[in-house]
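A.B. asks: Once you've had a glance at the structure underneath, I'll fire off some questions.
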Amino acid sequence: MVRKIFNRNFLYRLLKMKTVGYPFPQETKYKKLKTGGRYGHKNFPLSKYAIDFAIPLGTQIIASEDGIVIAGNFNSYSYIHPKHIKDIPIKTAKWLAEQTTNCAILQHSDGTYSEYCHLKREKTKLKSRQKVKKGDLLGHTGRSGIMSQPHLHYNRVKEINGKLQSIPTYFE
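For what it's worth, our numbering labels the leading residue of the sequence shown as 114, then goes sequentially.
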């Protein structure tokens, strides 16, 4: 008797899942961080499948696939260590993160969006509605937003039933 190894739904989703490139140069050494605690991804549904890559400050961040720049912020000098805001309400922490995180957001032809956060404050040549190709430079890792160590927060979202939802990412 052959044991059933894969759930049919899992296999179906896996076969239908599109792969994308890594959001940094191939030679970059990285480690996937496990998020947890009060500011872990599980507490923020829009980041459920986000991935935090521990990579050195100043690492080039590149587009993981072709897209159009729909939002970007590279103006913040601020970053906040989670231990300094452990007693504030989560809604306030979310607002602080939105105010202090440098990021770029791309829209892709398949209806998905990719988010690249915790970037360096810098002058950028990115413009709203600018087309970018896979591998184009978006910025560099830096200290911005709420973070305990340098990393890139990478997330993909898609509108499903009228709501934005985080979706799993598979890399080439």
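Glycine is no exception: its CB is placed at the ideal position from the N, C-alpha and C atoms.
Below 8 Å CB to CB, which residues in the same chain sit around residue 240 once its five sequence neighbours on both sides are set aside?
C.D. replies: For the purposes of this step, residue 240 is taken as the residue at position 127 of the sequence shown. Contacts found: 182.
A.B. asks: Report the three-state DSSP secondary structure of residue 272 (helix, strand or coil).
C.D. replies: On the sequence shown, residue 272 is found 159 positions in, with the first residue counted as 1. In the structure shown, residue 272 sits in a strand (DSSP, three-state: E or B).
A.B. asks: Give me the Cα-Cα distance between residue 219 and residue 199, rounded to the nearest whole angstrom.
C.D. replies: Mapped onto the sequence shown, residue 219 falls at position 106. Mapped onto the sequence shown, residue 199 falls at position 86. Their backbone Cα atoms lie some 31 Å apart in a straight line.
A.B. asks: Per DSSP, what kind of secondary structure is residue 227 in: helix, strand or coil?
C.D. replies: On the sequence shown, position 114 is the one that residue 227 refers to. Looking at residue 227 - three-state DSSP - the assignment turns out to be strand.
A.B. asks: Applying the 10 Å Cβ sphere with the 16-neighbour rule, what's the burial state of residue 215?
C.D. replies: As a working note, residue 215 is residue 102 in the sequence shown. Buried is the call here.
A.B. asks: If you count every other CB in all the chains shown that lies within 10 Å of the CB of residue 269, and 16 or more means buried, which is it?
C.D. replies: By 1-based counting over the sequence shown, the position of residue 269 is 156. Looking at its Cβ environment, which holds 16 or more other Cβ atoms inside 10 Å, residue 269 is buried.
A.B. asks: Mind checking residue 273: buried by the 16 CB within 10 Å criterion, or exposed?
C.D. replies: Counting from one through the sequence shown, the residue named residue 273 turns up at place 160. So residue 273 counts as exposed.
A.B. asks: With DSSP as the reference, please indicate the residues paired to residue 167 in a beta bridge.
C.D. replies: Indexing the sequence shown from 1 puts residue 167 at position 54. Answer is 144.
A.B. asks: Would residue 176 and residue 264 qualify as a contact pair, given that the criterion is a beta-carbon distance under 9 Å?
C.D. replies: Locating residue 176 in the sequence shown gives position 63, where the first residue counts as 1. Locating residue 264 in the sequence shown gives position 151, where the first residue counts as 1. No, Cβ-Cβ distance for residue 176 and residue 264 is not below 9 Å.
A.B. asks: Considering only residues of the same chain and omitting the five flanking positions on each side of residue 225, which have a CB-CB separation below 6 Å?
C.D. replies: One-based indexing of the sequence shown puts residue 225 at position 112. Around residue 225: 269, 271.
A.B. asks: Per the DSSP calculation, residue 192 is bridged to which residue(s)?
C.D. replies: The count along the sequence shown starts at 1 and reaches residue 192 at position 79. BP columns for residue 192 point to 258.
A.B. asks: Keeping to the same chain, check which residues put their C-beta closer than 8 Å to that of residue 160; ignore five residues upstream and five downstream.
C.D. replies: Position 47 of the sequence shown, counted from the first residue, corresponds to residue 160. Counting only Cβ-Cβ distances below 8 Å, and skipping sequence neighbours, we find 154, 266, 268, 279.
A.B. asks: Can you tell me the Cα-Cα spacing of residue 116 and residue 146, whole angstroms?
C.D. replies: Translated into positions along the sequence shown, residue 116 becomes position 3. Translated into positions along the sequence shown, residue 146 becomes position 33. Here the model assigns residue 116 a pLDDT of 47, short of 50, so the residue's position is not dependable, and the following value carries that caveat. Their Cα atoms are separated by approximately 34 Å.
A.B. asks: If residue 143 and residue 282 are in contact, beta carbons under 8 Å, what's the gap, nearest whole angstrom?
C.D. replies: Locating residue 143 in the sequence shown gives position 30, counting from the first residue. Locating residue 282 in the sequence shown gives position 169, counting from the first residue. Not quite, the Cβ-Cβ distance comes to about 14 Å (not below 8 Å), so this is no contact.
A.B. asks: Return the CA-CA distance between residue 252 and residue 131, expressed in angstroms with no decimal places.
C.D. replies: On the sequence shown, residue 252 is found 139 positions in, with the first residue counted as 1. On the sequence shown, residue 131 is found 18 positions in, with the first residue counted as 1. Straight-line Cα distance between these residues: approximately 24 Å.
A.B. asks: Could you compute how far the alpha carbon of residue 242 sits from the alpha carbon of residue 150?
C.D. replies: In the sequence shown, counting from the first residue as 1, residue 242 sits at position 129. In the sequence shown, counting from the first residue as 1, residue 150 sits at position 37. Using only the alpha carbons, I get a separation of about 36 Å.
A.B. asks: Among 185, 194, 148, which one has its Cα closest to the Cα of residue 256?
C.D. replies: What you label residue 256 is simply residue 143 of the sequence shown in a count that begins at 1. Measuring from the Cα of residue 256, the nearest candidate turns out to be 194.
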